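Below is one structure; the comments refer to it alone.
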Amino acid sequence: MHIGKLRAVKEGESLMIAMIDYNLYLMKVTLVDNENPFIECKVFHCDGLLLCVLDDDDTKAIVWNPYWCQTRRDMFSYALGYEDKGSCPSYKFLRFIDQCVDYKTRDEFLWYEIYDFDSSLWKSLDITPHWRILCHQPGVSLKGNTYWPASQRNTNDVIDDHIICFDFTSESFGPLLRLPFDAGDEDYVTLSYVREEKLAVLLTHNEAGPMEFEIWITTKIEAEKVLWSKFLRVLEPDHNSLITGDSFFIDEDKKVAMGFEEDYSKTFNIAGEAGYYKKLKFVERLGGNIHCRAKACSYVPSLVQIKQPAAVGKRKHQNDLEKQRCDQNMSSLVSLNKRGTVWW
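Mind the numbering: the sequence shown is residues 1 to 344 in UniProt numbering, read in order.
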């Protein structure tokens, strides 16, 4: 894939990355007062870097900087962040599998690893989770750390009524932090961010009657405390979802929320206060019979250079013990897959 350098973003414009039918687009959404918005087309984001899982092999990914057209290919990545070292952050990504392999016996498969771009080394993490992150929930990067919607572990309640943070400096998870609302059984919770400065959370009410969603943004976020303010509440007409539950982003200045209408849609919606509602259609492309879930996230370009490994080859470990732990986990994973294990 190729993309040229980006020009400066003008006032009223919002950059976003969208994945539509396994194609990545860098898009500029322009909101002009009293005029229709428009999009120019020219899934994890952190500090200007993107994490793109490969379709033909979901055990591999590309770390990509669209500004410099640089890529870095690695194994089993799930969250991207950095250790704050002042002017020179140290980028890392976290890979973890936390799945119930037998619902009746509660047998679980846990595997947490972290990769350091500076050293090109893998390290196993000794983590005993007291939380549950659903496998389909994407993380959100904020100031180098990653947040997920989460719930209490070892309960029958799987409602995401908390968030949890992974700190890439301490290489550990923090406590569960309450969300500003109580989600119901039919509700859906999605995290996003505002220019990597604040978290945003979307609560979609899926009960009978006019559907509605509400969005909250953080006013303060610390390791063990988070404060929220309601940003927007919109009733959804005709029982159609204005914004899919998988991904969304907001323009805080324009007071609007943006996202795809449905999981496999080519309709991009913008909703705001006082009934503001606009639909934008993407044109059909060749190969349109190949579909994937449409996803989008806001994007802020950066000048970060992706450090390349000294040599390409087998993955490197800190020591023989690390390699042994990795081999054991990989062997267990292969065995479970051969048995046709149903992951929960």
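Where is the CB? At the ideal position from N, CA and C, for every residue including glycine. Given the structure is predicted, the values throughout are model-derived calculations rather than measurements.
Nearest to residue i (by Cα), restricted to the options the options
i, options, result
"L202", "A183, S331, Y91 and L280", "A183"
"I97", "V256, P89, F109 and G86", "F109"
"Y276", "E186, K254, D107 and D118", "K254"
"P89", "Q99, W111 and D118", "D118"
"V140", "D107, T155, I164 and S120", "I164"
"W228", "F249, S247 and A200", "A200"
"L179", "N319, I221 and A79", "I221"
"L80", "F181, Q152, D167 and V226", "D167"
"W216", "S247, L191 and S87", "L191"
"N329", "L125, L142, V194 and P175", "L125"
"Y82", "W148, W111 and Y115", "Y115"
"K197", "D160, T219, D185 and S335", "Reading the sequence as shown, one finds Glu at residue 197 and not Lys. Here the closest residue by C-alpha is T219."
For residue i, the first and last residue of its enclosing beta strand (DSSP E)
i, result
"Q137", "Run containing Q137: none; DSSP gives neither H nor E here."
"S192", "Y188 to V194"
"I159", "Run containing I159: none; DSSP gives neither H nor E here."
"E171", "Segment: none, E171 is in no beta strand (DSSP E) and carries neither H nor E."
"G81", "A79 to E83"
"I250", "F249 to D251"
"K254", "Note, K254: premise wrong, no beta strand (DSSP E); not H, not E."
"L203", "K198 to H205"
Inter-residue spacing [alpha-carbon to alpha-carbon] between residue i and residue j
i, j, result
"L321", "V189", "39 Å"
"P129", "E224", "17 Å"
"K323", "D107", "24 Å"
"L121", "S331", "20 Å"
"N154", "Q99", "13 Å"
"L6", "D327", "Note on L6: pLDDT 45, under 50, position unreliable in the model; the coordinate value appears next. Their backbone Cα atoms lie some 42 Å apart in a straight line."
"L177", "H162", "5 Å"
"R95", "P138", "12 Å"
"K230", "F213", "11 Å"
"F173", "E261", "33 Å"
"T146", "K92", "11 Å"
"L232", "L134", "26 Å"
"V194", "Y78", "21 Å"
"P175", "R132", "12 Å"
"P149", "M258", "20 Å"
"R325", "K316", "13 Å"
"V226", "H205", "23 Å"
"N319", "D160", "38 Å"
"F249", "K123", "33 Å"
"S247", "A274", "23 Å"
7 Å Cβ shell around residue i - same chain, five flanking residues per side excluded
i, result
"D84", "G144 and T169"
"F181", "L203"
"L336", "V101 and F109"
"L142", "Y193, E196 and L199"
"E171", "I114 and L125"
Opposing strand residues paired with residue i [DSSP bridges]
i, result
"residue 351", "The structure shown does not extend to residue 351, since the chain spans only 1 to 344, so no value can be given for it."
"L235", "E212"
"residue 349", "An answer regarding residue 349 cannot be provided, because it is not within the stretch 1 to 344 covered by the chain."
"R132", "S151"
"E113", "R95 and S124"
"S90", "E83"
"N145", "L142"
"T218", "W228"
"A223", "Looking at the DSSP assignment, A223 forms no beta bridge with any residue, so it has no partner."
"C165", "Y147"
"L179", "Paired residue(s): none; L179 is not in a bridge."
heavy atom of the ligand HEM below 7 Å from residue i C-beta
i, result
"P138", "The model depicted lacks the ligand HEM and carries no ligand whatsoever."
Contact set for residue i: own chain, Cβ-Cβ below 6 Å, skip 5 residues either direction
i, result
"L333", "none"
"V256", "I270 and G272"
"Y112", "F96, L125 and I127"
Close Cβ partners of residue i (< 8 Å) along its chain, the five nearest in sequence each way excluded
i, result
"G86", "none"
"Q152", "H130, W131, R132, H162 and L176"
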